[in-house]
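Okay, structure first, notes after.
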Amino acid sequence: MSFAKSVVLLLSAFTCVQAVATPHAIRNAHHHRAVAHRAAPTTENLTPIAIPAKKRDLRKRSLTKRCQARPSLSATSSSQALCSSNTHFSAGLGACGITNTDTDYICAVSEALFDIYPGYNGVNPNSNPVCGRQITASYQGKSVTVTVTDRCTGCDETSLDFSPSAFSTLADQSLGRIDITWEWAS
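Just so you know, the sequence shown maps onto residues -19 to -1, 1 to 167 in mature numbering (1 follows the signal peptide of the UniProt record, and there is no 0).
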C-alpha cells in the first residue's frame, strides 16, 4: 500500500473513532436546530402587544374628479368608464391565440380581468369571450379604439397594455406610462 493511501486510511479511522467517542450533545451543539432552541424565547412572562389598526385615508385621490371609483370586476360588461395607468408592449402571439404586429390597434387586459371575465371557463384562453372585445380609451382629449387580444400578467386590475401604434395615438411613447379612462365599446 502506498504512503498516501495509508495516511488517508489512518485519518479516516481517527475521524470515525472521534465521532463515535464524542457525546451526542456536544457533537450537535452547533447544529442549527440546537442554536434555534437555545435562542427561542420562553412563553413565560410574555405579555401580548396590541397593535393599533391603521386608519384608512378616505380622501379623494384627485381633486379634479375626472375618474370615478373603480367598480368591481364582476361589472366588466357595463359601459362605465374606468381609470387606469397604462403602458405599451411589443405585439406578437397573445393569450387569445392571435398573432399581431406593432402597427395593430390592440391591447392586453389585466390577468385579473381576463381570468374572471363572464363566460370564461379558465380552460382555453383562446376561447375567452373578452378576446375580440373592443375598448375605447381616452387621454387628454385623444381617443383610440383597440381590440383585446392578450392578457397582461403585470397589470393592475383595470390597467391596459397597448400596442405601440395604439399608445402613440394617445401620447408619445417616451412617456412610458399614462393615466387614461376607458370603457367597453358597444
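Ideal placement from N, C-alpha and C gives every residue a C-beta, glycine not left out.
This structure is a prediction, so every number in the text was calculated from the model and none was measured.
From residue i to residue j, what does the alpha carbon distance come to, in whole angstroms?
i: C64; j: W163; result: 6 Å
i: T68; j: S149; result: 11 Å
i: Y98; j: S155; result: 32 Å
i: G75; j: T130; result: 6 Å
i: residue 187; j: A166; result: The requested residue 187 is not part of the displayed model; the chain covers only -19 to 167.
i: L94; j: R114; result: 13 Å
i: T126; j: R132; result: 17 Å
i: D96; j: N105; result: 11 Å
i: A(-16); j: L(-9); result: 11 Å
i: C112; j: P145; result: 19 Å
Using three-state DSSP, classify residue i as helix, strand or coil.
i: S121; result: Note on residue identity: the sequence assigns Gln, not Ser, to residue 121. Q121: coil per DSSP, three-state reduction.
i: S71; result: coil
i: V129; result: strand
i: Y89; result: The question names Tyr, but residue 89 in the sequence shown is Ala. Reduced to three states, the DSSP call for A89 is strand.
i: T139; result: coil
Under a Cβ-count criterion, where at least 16 other Cβ atoms within 10 Å of its own Cβ denotes burial, should residue i be classed as buried or exposed?
i: A118; result: buried
i: S91; result: buried
i: T139; result: buried
i: A(-7); result: exposed
With distances taken Cα to Cα, identify the nearest neighbour of residue i among the options.
i: G78; options: D96, P145, N109, A147; result: N109
i: Q121; options: I161, G135, C88; result: I161
i: T141; options: T(-5), N107, N102, Y86; result: Inspection of the sequence shows that residue 141 is occupied by Leu rather than by Thr. Out of T(-5), N107, N102, Y86, Y86 has the C-alpha closest to the C-alpha of L141.
i: D137; options: A(-7), L(-11), A89, K(-15); result: A89
i: D83; options: A147, G157, L(-11); result: A147
i: T80; options: T128, V(-13), T(-5); result: T128
For the alpha helix (DSSP H) containing residue i, list its first residue and its last residue.
i: T82; result: Counting along the chain, T82 falls outside any alpha helix (DSSP H), and DSSP gives it neither H nor E.
i: D150; result: One detail in the question is off: residue 150 reads as Thr in this sequence, not Asp. It spans 145 to 151 - the alpha helix (DSSP H) in which T150 sits, taken as one unbroken run.
Start and end of the beta strand (DSSP E) containing residue i?
i: T162; result: 159 to 165
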